[in-house]
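Okay, structure first, notes after.
Number of protein chains: 2
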Amino acid sequence: MTTTIRQVAAAAGVSLATASRALSGSPAVVESTRKRVQQAADDLDYNPSRLGRSLVTGSTGNIGLIFPDISNPFYTQFLAELESVVAARDIGILIGDAHEDSHREASLLRQMVTQVDSLVLVSSRMTDAQITAAAVRLPVVLANRRLAPGSIVPELLSQIVIDVEPGFSAAVDHLYALGHRRLTYLDGPARSWSAREKRASLTRACARLGVDLSIVPVEKPDFESGRQVARHLDPNTTVVVAFNDQVALGVLSTCRDRGIVVPVNMSVVGCDDSLPIGLAWPALTTIDSSSRSLGALAAQAVLNPAVHRTGSVPTRLVVRESTGPARPSMV
Amino acid sequence: MTTTIRQVAAAAGVSLATASRALSGSPAVVESTRKRVQQAADDLDYNPSRLGRSLVTGSTGNIGLIFPDISNPFYTQFLAELESVVAARDIGILIGDAHEDSHREASLLRQMVTQVDSLVLVSSRMTDAQITAAAVRLPVVLANRRLAPGSIVPELLSQIVIDVEPGFSAAVDHLYALGHRRLTYLDGPARSWSAREKRASLTRACARLGVDLSIVPVEKPDFESGRQVARHLDPNTTVVVAFNDQVALGVLSTCRDRGIVVPVNMSVVGCDDSLPIGLAWPALTTIDSSSRSLGALAAQAVLNPAVHRTGSVPTRLVVRESTGPARPSMV
DNA sequence: ATAGACAATGAAAACGTTTACATTGACCCT
DNA sequence: AGGGTCAATGTAAACGTTTTCATTGTCTAT
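In order, the protein sequence lines correspond to chains A and B.
To convert, note that position 156 of the first sequence is 298 in our numbering; the numbers rise steadily by one, no gaps.
To convert, note that position 269 of the second sequence is 411 in our numbering; the numbers rise steadily by one, no gaps.
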């Protein structure tokens, strides 16, 4: 059915070894035979089996990619960016969706480990131990997550993160300058490193300025959950900062349903800037943490694991139209 | 480094063949040794190589998935749905982004063909000949694309499409009822089957009701292109129907910039309904062609290629707030 | 008691490659 | 002329599995 290198060799009248050498451009084969083999390969539409090759060379030409939730645009953008740099090298991409579940993530990892050259774990929910264990078998790029401070970091592990500090700090400054003294944070998944990171930054910034902070958990960081949680907020909430843009848009949606005018009666700040500008209305003030940049950085780490052991992409506040001054009565 | 079945066999004191049988649950192995082998495997944290297995069994446990553009939410949703049904069977997923380029698509196909059991081509830009050629090697699911009518369809090919007719027909009825007699269609990529399909449906519906239709090409079916093209529309355009939601949102964005009030001065209709309801404002009237349903159908076709040779998901019009009555002066 | 059946296991081939090592000549140098 | 070098090719092992076929031994039926 599918043609093998053995058939190509036969057609060209050479041994299987010579055929292999000819096709891989080894200098040890004379030009005339090289041409003859190439011709035979073309005629038979030969397509080398990646399986056979991988088994003997020990390198598959694939990488594995595991996210907590593929339908989240933040990860989609990350994927798109990573794909375009990696695919140029003719590297295949295996993806897996862990559905925010560390067990599922671990099982995907097991599935992939035997058929990829390296692994990118995005916002991994696994334990440090699980991650470092994987990194002894093959190079691992940890994206949007960092091992606990002080851990010994395996040779083969890279860590690529988003530095949320400047963005969140600027967001609180911005809100403070508008006169707000209280804000509500809609928190991300408990097991998420980046959620903890964001919460910590926000807490620091609020403490610094003496802003009152109340933290509300959100089950799943998506549009629908944002919509739900916004329905049960303390009625005199005037500022909402959300773990990501999806949640913020959910809040916006509920505000519209209830006739709460943003940014007059309510200010909303998102995080990620993963959506096209102006997609929502009013346009969302957000903490830009470009997932595309994160993807680009991860791609570099994948391509040369030795060099890019660590990297971070900065965040900044993008002020649009969903934040406004505190109303005098509320200050 | 990584433990092989040979080591497991050694540790359990059996031959490699018995180890294999024990682990794959063959009835030919006695319970006591089965346990012993399992124990050894667990102790050594044995993880069978998919490569080795694939080579001999001829089945890889992976499927390949090729889209024209991963960052498009329509495809992301499709992917998410397909993933969740397929992953439950412990099937791996290789993805590729063709970037709307048929050459790139063909080369991805070559890369994948040797390491997957079947292939899903989404909105393929390749020729019928290329597609049918692939379908002789392995099962192919053609999603959002159909071979030219009258083609002989290979055994291994399934075709899963969206039936745009009812949705577009209803959209034109809706607009007609609102008093509109002219509309502008922002067309999709020239090489896209679904773009031709949508255009044809729209043309038929307009002809039926005597509505004047003008068709404007859009380079790339995304937000930014929609924004651009909306800037150069005939100034007395009052209705825009877009190839997809992204483009429609781009139009909405430009309208806002120019102070054109939707739906008072302009009606906008999207297509796909790939975004969370109410994400845009005004909420987009759209032709719902659930990419999730398409993904679910494709998943079924992948799992039992014999049965689901063909399928289609219907469309319907979802009226929201971006369409309104024609203004008297313009009828 | 002995042949035959059958259950449990082992030996080896196979999948499609790459590559280390062996073989063949042709040529050059003395 | 004959040994040595080197370039071109061939042979065979290896990668990690599964599976066919062969082997061993135990048990049953005559």
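We put the beta carbon where it would ideally sit given N, CA and C, even for glycine.
Given the structure is predicted, the values throughout are model-derived calculations rather than measurements.
Taking the alpha carbon of residue i as the reference point, which residue from the options has its own alpha carbon closest?
i, options, result
"B/S356", "B/H316, B/L251, B/F365, B/R323", "B/R323"
"B/E361", "B/Q388, B/E223, B/S343", "B/Q388"
"B/S416", "B/G203, B/A276, B/Y217, B/T199", "B/Y217"
"A/R458", "A/C413, A/Q149, A/R469, A/A422", "A/C413"
"B/T427", "B/T396, B/S409, B/A441, B/Q442", "B/S409"
"A/I235", "A/R462, A/S431, A/L261", "A/L261"
"B/P363", "B/A332, B/L250, B/I205", "B/A332"
"B/A271", "B/P281, B/T199, B/V295", "B/V295"
"B/W423", "B/L251, B/T465, B/E307", "B/T465"
"B/S311", "B/R462, B/P456, B/I212, B/A152", "B/P456"
"B/A94", "B/D376, B/V371, B/V314", "The structure shown has nothing for residue 94 of chain B, since chain B only spans 143 to 473."
"B/P210", "B/L250, B/G368, B/L197, B/R178", "B/L250"
"A/S431", "A/L186, A/S162, A/V306", "A/V306"
"A/F365", "A/A384, A/A153, A/R462", "A/A384"
"B/H316", "B/A347, B/G292, B/R338", "B/A347"
"B/L263", "B/G167, B/A240, B/I208, B/H241", "B/I208"
"B/G206", "B/D184, B/A229, B/I429", "B/A229"
"B/V278", "A/L158, A/H450, A/T145, A/L436", "A/T145"
"B/R267", "B/S244, B/Q180, B/G368, B/R252", "B/S244"
I'd like to know if residue i contacts chain A, where contact means its C-beta is closer than 8 Å to some C-beta of that chain.
i, result
"B/P363", "no"
"B/I212", "yes"
"B/R192", "yes"
"B/V460", "no"
"B/E247", "no"
"B/Q257", "yes"
"B/P331", "no"
"B/R231", "no"
"B/G234", "yes"
"B/L197", "yes"
"B/T160", "no"
"B/N189", "yes"
"B/Q370", "no"
"B/Q253", "yes"
"B/E225", "yes"
"B/A222", "yes"
Buried or exposed: which applies to residue i, given that a residue is buried once 16 or more other Cβ atoms fall within 10 Å of its Cβ?
i, result
"A/S201", "exposed"
"B/G297", "Note that residue 297 of chain B corresponds to Glu in the displayed sequence, not to Gly. By the 10 Å Cβ count, B/E297 comes out exposed."
"B/A319", "exposed"
"B/N286", "buried"
"B/I237", "buried"
"A/K340", "buried"
"A/E173", "exposed"
"B/M143", "exposed"
"A/P215", "buried"
Could you tell me the boundaries of the alpha helix (DSSP H) in which residue i lies?
i, result
"B/T160", "158 to 165"
"B/F216", "215 to 229"
"B/I147", "147 to 154"
"B/P456", "Counting along the chain, B/P456 falls outside any alpha helix (DSSP H), though it belongs to the beta strand (DSSP E) covering 452 to 456."
"B/P308", "307 to 319"
"B/V393", "387 to 400"
"B/V179", "173 to 185"
"B/G352", "Note, B/G352: premise wrong, no alpha helix (DSSP H); not H, not E."
Does any residue of chain B have a CB that is nearer than 8 Å to the CB of residue i?
i, result
"A/I402", "no"
"A/R279", "yes"
"A/V455", "no"
"A/T465", "no"
"A/L355", "no"
"A/L317", "no"
"A/S219", "For the record, residue 219 of chain A in the displayed sequence is Gln; it is not Ser. Taking Cβ atoms only, chain B reaches closer than 8 Å to A/Q219, which makes this a yes."
"A/N95", "A question about residue 95 of chain A goes unanswered here, because the residues of chain A that appear run from 143 up to 473."
"A/I205", "no"
"A/M472", "A caution first: A/M472 carries a pLDDT of 42, below 50, which makes its placement in the model too unreliable to give a value."
"A/D414", "no"
"A/P296", "no"
"A/W423", "yes"
"A/D475", "In this structure chain A extends from 143 to 473, so residue 475 of chain A is not present and cannot be described."
Using 7 Å as the cut-off, classify the Cβ of residue i as near or not near the heavy atoms of the ligand FMN, replying yes or no.
i, result
"A/R462", "Within the structure as shown, the ligand FMN is missing, as the structure has no ligands at all."
Considering just the uninterrupted stretch of the beta strand (DSSP E) at residue i, what are its terminal residues?
i, result
"B/S464", "Run containing B/S464: none; DSSP gives neither H nor E here."
At least three beta-carbon pairs within less than 8 Å, the stretch 391 to 409 of chain A to the stretch 211 to 228 of chain A = Verdict: no, contact absent.
Taking one C-beta from the stretch 298 to 306 of chain A and one from the stretch 269 to 287 of chain A each time, how about it: are there three or more such pairs within less than 8 Å?
-> Cβ pair count under 8 Å is three or more, so yes.
Take every Cβ of the stretch 173 to 191 of chain A, pair it with every Cβ of the stretch 252 to 259 of chain B, and state whether three or more of those distances are shorter than 8 Å.
-> Touching, yes, given that three or more Cβ pairs across the two stretches are closer than 8 Å.
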